[in-house]
Amino acid sequence: MNGRTVLERFPAGGPRGSWPAEEFAQARRQEGQAAEVVMDLSTDAFLVVVRGVDVGE
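Numbering (my numbering), first residue to last: 534 to 590.
Encoded structure:
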């Protein structure tokens, strides 16, 4: 396992100028989670992840 937990997935083909994954990650950071956005090339989706923690914590 790579030590990351996926919080949410967003399709990469959103409307121009729309950044839902970044907005979701920013909201999680404001809640104190170290959320970041990564691209999953195999599924063409943006993933909001946190490293090294369980979502249930």
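Glycine is no exception: its CB is placed at the ideal position from the N, C-alpha and C atoms.
- Straight-line CA distance for Q559 to A568? Position 26 of the sequence shown, counted from the start, is the residue given in the question as residue 559. Position 35 of the sequence shown, counted from the start, is the residue given in the question as residue 568. One C-alpha to the other measures close to 7 Å.
- Between F557 and the rest of its own chain, which residues show a CB-CB distance below 6 Å, the 5 nearest in sequence each way excluded? Here the question's residue 557 lines up with position 24 in the sequence shown. Within the same chain, F557 has close Cβ partners E541, V581.
- Task: With a 10 Å radius around its C-beta and 16 neighbouring C-beta atoms as the bar for buried, classify T576 as buried or exposed.
- Result: In the sequence shown, residue 576 corresponds to position 43, counting from 1. Looking at its Cβ environment, which holds fewer than 16 other Cβ atoms inside 10 Å, T576 is exposed.
- Query: Nearest-angstrom Cα distance between R537 and R561?
  - Reply: As a working note, residue 537 is residue 4 in the sequence shown. As a working note, residue 561 is residue 28 in the sequence shown. Whole-angstrom Cα-Cα distance: 15 Å.
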